[in-house]
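For reference, the structure is listed below as structure tokens.
Residue numbers (UniProt numbering): 1 to 148.
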């Protein structure tokens, strides 16, 4: 149980282009699933699945632990609304958290919330996770196998 690991992040909204969202998840075996749906100009959903090594999972665990998000509580965070919804679910070290809040657009929005300290941790962790995932997806799917 203590070595269980799972992380899922979702951000999305329903607007004039339909349901647009970004979602990714990692499990302890290294499976990364990624989906990005933007209907702008009739774009289609982008889905990717890859397996990452244990070094990547360990780094992901370190990022989550260092953020101290596992100590936070989303009770005073702004609820999802017409602007959008964010979800973060993490299972790590015997702990399970599941947070939901509105789509955050700026640090100013974080500072003006009822829980600026907790929401700041969430905001910057999400930025780090998205950067990490975009780098992994970009690197994994642009590398061409060596031709014989």
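C-beta: ideal position from N, C-alpha, C; glycine also.
In this model, residue 117 and residue 107 are separated by some 11 Å (Cα to Cα). Cβ neighbours of residue 69 within its own chain (closer than 6 Å, five residues either side excluded): 121, 125. Collapsing the DSSP output to three states places residue 42 in a helix.
Within a 10 Å sphere around the beta-carbon of residue 47 sit fewer than 16 other beta-carbons, which makes this residue exposed. For residue 18, there is no enclosing alpha helix (DSSP H); the enclosing beta strand (DSSP E) covers residues 18-27. Around residue 61, the same chain offers 5, 92 as residues with beta carbons nearer than 7 Å, after the five sequence neighbours per side are excluded. In the three-state DSSP reduction, residue 79 falls in the coil class, being neither helix nor strand. Ranked by Cα distance from residue 135, the options 50, 17, 20, 44 are led by 50.
In terms of Cβ geometry, residue 102 and residue 90 do not form a close pair [threshold 8 Å]. Note that the C-beta distance between residue 123 and residue 133 is not below 8 Å. Residue 30 is a Cβ neighbour of residue 52, given a cutoff of 8 Å. Excluding the 5 residues flanking it on each side, residue 114 has same chain C-beta neighbours closer than 6 Å at 76, in chain order.
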